[in-house]
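Peer 1:
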Amino acid sequence: MAKLVAVTIVVIAILSAIPIITHTWPGNISVGLPQDISTHGYLIDEQYADTMIEAGVSFLASQLLLAYFIWRFSSYKPGDKIKKFPGGATGLVVAAFLLVGTEVLALGVFGTKAWGSVYFTPPSPNAMAVQAQAGQFAFYFRYPGPDGTFGPIHPNLVSEASANFFGLDTTNDPDSKDDIVTAEMAIPVNREIHLLMHSKDMGHSFYVPELRIQQDFVPGLDVSVHFTATKIGKYEIVCTQLCGLGHYNMKAYLEVMSQEDFDKWLKQQAALQ
Amino acid sequence: MHDMSAHAAQHGAPTSFIRKHIFSLDHKVIGKQYYDLALVAVLIGMVLSWIMRLHLGWASLAIPGLHLLSKTGAPGDVMTPEYYLQLMTMHGTIMVFFVLTTAPFAAFGNFFLPIQAGAEDMPFPHFNMMSFWVTFTGFIVLVASFFVSDGPTLGGWTQYAPLSAAGPVGGPGEGWGVVLWAASIAFFCVGQLFGSLNFITTTLDMRCKGMSLLRLPLSAWGWFITSVMGLTAFAVLMPACILLILDHVAGTSFFVPGGLVVNDQVLPHQGGSTLLWQHLFWFFGHPEVYIAIVPGMGIVSHVLITNMRRPMLSHRVIIYSMAALAVLSYMVYGHHMFVSGMNPVSSLAFSFPTLVITIPSAIIVLIWLGSLYGSKLRINSASLFALGFISMFISGGISGFFLAQPSIDIMVHATYFVVGHFHLVMGVAAMFGIFAGTYFWFPKMFGRMMNETLGKIHFWCSFVGAYAIFMPFHYLGIAGNVRRYQAFVDDYLIPLIPVHKFITVAALFTGAVQLIFVYNLIYSRFKGPKAPNDNPWEGTSLEWSTATPPPHNNFGDKMPVVYHDPYQYSVEGASADYIMQTSPEPVHSPDEEK
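Those sequence lines, one after another, are chains A and B.
Residues 44 to 316 in the numbering used here are what the first sequence spells out, letter by letter.
Residues 4 to 597 in the numbering used here are what the second sequence spells out, letter by letter.
1) Quick one, which residues of the segment 90–108 of chain A are near chain C if we go by CB-CB under 9 angstroms, in chain order?
2) Taking only the alpha-carbon atoms, compute the straight-line gap between GLY34/B and GLY112/B and give it to the nearest angstrom.
3) Here's the rule: buried if 16 or more other CB atoms are within 10 angstroms of the residue's CB, otherwise exposed. What is LEU196/B?
4) Verify the CB distance criterion: does GLN179/A have a CB-CB separation below 8 angstroms to chain B?
5) Do you know offhand how far GLU123/B's Cα is from VAL306/B's?
6) What does ASN536/B pair with, by DSSP beta-bridge criteria?
7) Let's see if you can read the secondary structure: which residues bound the alpha helix (DSSP H) around MET395/B?
8) Nearest CA to the CA of PRO446/B: which residue from LEU216/B, ARG528/B, PRO347/B?
9) Between GLN257/A and chain B, is there a C-beta pair that is closer than 8 angstroms?
10) Mind checking whether GLY210/A and ILE223/A have CB atoms under 8 angstroms apart?
11) Please list, in chain order, the chain A residues whose beta carbon lies closer than 8 angstroms to that of VAL502/B.
12) Less than 8 angstroms between the CB atoms is what I'm expecting for MET245/A and PRO165/B, so what's the real figure, rounded?
13) Jot down the residue ranges of each uninterrupted alpha helix (DSSP H) in the segment 117–175 of chain B, minimum 4 residues, whole runs only, in chain order.
14) Could you spell out the range, first to last residue, of the beta strand (DSSP E) harbouring ILE322/B?
15) What do you get for HIS272/B, buried or exposed, if any count of 16 or more other CB atoms within 10 angstroms of its CB means buried?
16) Can you tell me where the alpha helix (DSSP H) with SER205/A in it begins and where it stops?
17) Run through chain B and tell me which residues come within less than 7 angstroms of GLU279/A, C-beta to C-beta.
18) Mapping the DSSP letters down to three states, classify VAL342/B as helix, strand or coil.
19) Are the CB atoms of GLU235/A and MET293/A within a distance shorter than 8 angstroms?
20) Within 8 angstroms of any Cβ in chain A, is that where the Cβ of HIS608/B sits?
21) How would you list, in chain order, the residues of chain A whose beta-carbon sits under 7 angstroms from the beta-carbon of SER134/B?
22) Less than 8 angstroms between the CB atoms is what I'm expecting for GLY377/B and ILE302/B, so what's the real figure, rounded?
23) Going by Cα to Cα distance, which pick from LYS561/B, ARG381/B, THR441/B, HIS567/B is closest to LYS120/A?
24) Any C-beta of chain A sitting closer than 8 angstroms to the C-beta of MET214/B?
25) Using a beta-carbon distance below 8 angstroms, is ASP216/A in contact with chain B?
26) Output, in chain order, the set of chain A residues within a Cβ distance shorter than 9 angstroms of ILE21/B.
27) In chain A, what lies closer than 9 angstroms to MET474/B by C-beta?
28) I want to see whether chain A comes within less than 8 angstroms of LEU90/B, judged by CB atoms only; does it?
29) By DSSP's criteria, ARG185/A is part of a beta bridge. Which residues make up the other side?
30) Consider the Cβ of VAL368/B: report whether some Cβ of chain A lies at a distance smaller than 8 angstroms.
31) Residues of chain B with CB under 8 angstroms from ASP79/A, in chain order?
32) Does the separation of the CB atoms of SER134/B and GLY194/B fall below 8 angstroms?
33) Just verifying my parser: in three-state terms, what is the DSSP assignment at THR271/A?
34) Can you name the start and end residues of the alpha helix (DSSP H) that VAL182/B belongs to?
35) Verify the CB distance criterion: does LEU479/B have a CB-CB separation below 8 angstroms to chain A?
36) Say whether chain B places a C-beta atom closer than 8 angstroms to the C-beta of MET245/A.
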């Protein structure tokens, strides 16, 4: 039984590693990181790759060692004496501090750079502001229009029935008059976006795996992130914060367009308001 | 050390059925009651997971009889989206609280901590009895939420506000379902506070003559350290639950800010904070991970030592490392909130202790591995599950490297990567600790032996099955598969559904294998062969020096006197392979730490 268990551990360790290395599940299903379409994403991907190497080596080494020890030390003769691990407990504690300590320190320090690239650098002054609003169970987006300013939100004016999703008072608030509200998010490629996030009701999240962005909408607290998309295409924005029965179906599309196409699209959307 | 034993001794052996088996003051009966509660809870939790997994693999599948559970939740036996979330919430809550906390900590700890410490009972037997019955009440209140008009809450076991606090407008189950959930958990917290107080005082004040703290077995240390965590963690969750109830029934706004709009109506709340709930919850929630796993570490160490016929390379290093885990567990909770909108500097502040906590974990694993080296490893159901625990703890722990880093968390937060991580490290590993403890201590608890062949089949199938379920979760998470979805309708998730189908088949198989364990457990309890003697595994600690099952006051007429460290195995020059703690035989072992 001991040898069967040892072999089982080895087989499981190897089989577990294969989809990580090949990024593929049987049936040619891709299970690797999605493609990166952001300017900051390479830092996250490098950090992920470094961590995967360190974690992978630790995983395989410790599982294989466990399997070998089970195989080797479950067979003994009655007269055999207990042997002490070379270096004893002190050696292992020192090894843990040196190896794991160095490993986590390195990951922690280098990881700061990737985190800082998203959260510690302010958006540049010419970043394009877009507001995202999350509510059960849809995203809406708002562009400030030619005046470059968002009109204020009035919760008591929010009305799904009359499509006033943000609760704008276009009669009395001059800043709201030219605001453009859409159900799809379009952005120009290679242009920094400053995303202002507002929750209408519950906790939600803005997750675009290709954009390497995930950020919660916090009710009562407006938060923001900024990013630059580098590849034209259509991607999905999904909610990752449990928000109610329709959570699984809460999504919108992100279209990354050329500047020219974006200008056209925005003009069309303005005409529909 | 003995000043409190008079209190414990005040209750004589019970004579009535009710005092003996129901409202018992005996820590051993209370331990068994906790175990039975955990068994009922885990069966419910497992069936819920089967239903969830079937739905995730085949979303439109009719599950025969499901409408009996809820006509509105499963019309035509097909689950509605909200009912999936409701069952998911109940699965998580039942498993985390009523299985992973009650079995390794409250059940085994109640039964064996006083015996291993050499005490007649716990110092506050009435509190101990209340601990179980308050916990039991909490369980009944939770299960009752299945039967209220719109069913249990759908907000997940974390119950994030404002969904949990805004009332019925949040969706089905967000009214009475949440109130019952919060009341249940508040009851549970009170029960565990009573238990923790007893565990701490038993360890500090009730030890028998010669039993210094360092002579306590590692299992006793695991329960002691856990009880210190329990005292502080549950003391925070309980008021949080009370505030959540008040937001529902008293019109307060602790967790709901102003200006929220549902169904075109502005909610009548203002001034609350949704992040406040997250801070309070995770201040409990992360220590809870260690409340679930540290008793398992202690149990596994104890079981392994007996079956390796040697002490750990260092008794003290294991104790200090478990204590370090407990202390650090309070400094890491913010890693659950990296993308919550919390100050991003705080994320870094929480990230470093989260990375550092891998050091004591790694030390414990290395000491286990280093102690296996050169041992005389006996293979039985208990030792196999202990070895399986190590494998699962390594696999689940290593994925923590990713989640400790905020930059990588951006990608895998709230995905199946997290689900795979915590199921392996605090779910499966902790369950393996429970199984190891069950196969090991069954003869002492019930006076009979479990079937070893069935135990080994149970181990191998559970080991392979658990990996088949939870390793693919990581791959799904890396590909961006969001958790807590009842169906996968996003373009990029549809291609991943075959992986979910594989996981569902593996989960059904692994779940079915647990029925072998349940059969073995129940059959052996009543019909299993009688334990050949009081010490069938040739152990050294005090539970093996008393009768099987132990008498009412644990040790009969004569209280034990302890002469040695707990694990005197393979001692050179000794008359046998092991020397019991109660044996006055002198020991000159290089392994005995002074």
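Think of the CB as a built atom: it goes at the ideal place given N, C-alpha and C, for glycine as much as any other residue.
Peer 2: According to the structure shown:
1) Note that chain C does not occur in the displayed structure, where the protein chains are A and B.
2) 7 angstroms
3) buried
4) yes
5) 23 angstroms
6) In the DSSP output, where bridge partners are listed per residue, ASN536/B has none listed.
7) 384–401
8) ARG528/B
9) yes
10) no
11) TRP68, ILE72, VAL74
12) 6 angstroms
13) 128–147
14) Taken as a continuous stretch (DSSP letters only), ILE322/B belongs to no beta strand (DSSP E), being part of the alpha helix (DSSP H) at 318–331.
15) buried
16) Per DSSP, SER205/A belongs to no alpha helix (DSSP H) and is neither H nor E.
17) ASP493, ASP494, TYR495
18) coil
19) no
20) Since the first residue of chain B shown is 4 and the last is 597, residue 608/B is not available in this structure.
21) Neighbours of SER134/B on chain A: none; closest Cβ ~32 angstroms, over 7 angstroms.
22) About 23 angstroms separates the two Cβ atoms, so there is no contact after all.
23) ARG381/B
24) no
25) no
26) None at all; the shortest Cβ gap to chain A is about 44 angstroms.
27) ILE55, LEU58, SER59, PRO62
28) no
29) GLN174/A, VAL224/A
30) yes
31) The contacting residues do not exist; ASP79/A stays about 10 angstroms from chain B at best.
32) yes
33) strand
34) 179–208
35) yes
36) yes
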